[in-house]
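Some notes on the structure that comes next.
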Amino acid sequence: MDAALISTERLRVAFALSTLGGRAKTWAYTREAATPAAFLPANYEYRQRSRFLACKQEKRELHEYIQEMRVLAASLVGNPLPEHIKVTVFMDCLKLFRVHANTMEEAIQIALQEEYVQPPTSSYS
232 MDAALISTER LRVAFALSTL GGRAKTWAYT REAATPAAFL PANYEYRQRS
282 RFLACKQEKR ELHEYIQEMR VLAASLVGNP LPEHIKVTVF MDCLKLFRVH
332 ANTMEEAIQI ALQEEYVQPP TSSYS
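Residue 232 is where the sequence shown starts when you use the working numbering, and the numbers rise one by one after that.
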């Protein structure tokens with residue numbers, strides 16, 4: 232098989248590894264096994280984007296929800312979502328439609344202000 236006919240970089244690397252022998256093969260496979268965290272899965276970006284779009288506050292504290300949204304947004308740095316999508320996903324979960332935000336950070340500030348202003352939901356009897 233001619234390596235020039237292989238369409239993707241990942242397949243070219245696999246082909247090159249398959250042709251190694253002796254100490255070179257041992258070195259390559261030992262190095263790959265020793266550093267699996269250095270290589271992201273093929274569908275990593277899709278999975279992170281899916282997690283971002285599905286993220287909900289549910290019963291978590293607001294700051295925990297904000298932290299997860301920030302981490303997920305940062306994980307999409309290679310191909311980031313448009314800012315208006317991030318704002319919509321974040322604010323939709325919180326049902327904050329009275330105020331308009333242009334960025335996710337603005338939406339976070341609005342949410343934090345709303346939480347601070349809202350009276351506690353539990354009442355003392």
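C-beta: ideal position from N, C-alpha, C; glycine also.
Option in 310, 283 and 266 with minimal Cα separation from residue 324: 283
Buried versus exposed, by CB contacts within 10 Å (16 or more), residue 287: exposed
Endpoints, the alpha helix (DSSP H) within which residue 238 is located: Premise fails: residue 238 is in no alpha helix (DSSP H) and is neither H nor E.
Under the three-state DSSP convention, the category residue 290 falls into: coil
N-terminal and C-terminal residue of the alpha helix (DSSP H) that residue 284 is part of: 275-285
7 Å Cβ shell around residue 259 - same chain, five flanking residues per side excluded: 248 and 251
DSSP state of residue 331 mapped onto helix, strand, coil: coil
CB contact flag (residue 279, residue 303, <8 Å): yes
When 336, 311, 307 and 309 are compared against residue 321, the one with the closest alpha-carbon: 336
Option in 241, 332 and 298 with minimal Cα separation from residue 272: 241
C-alpha distance - residue 317 paired with residue 244, whole-angstrom precision: 36 Å
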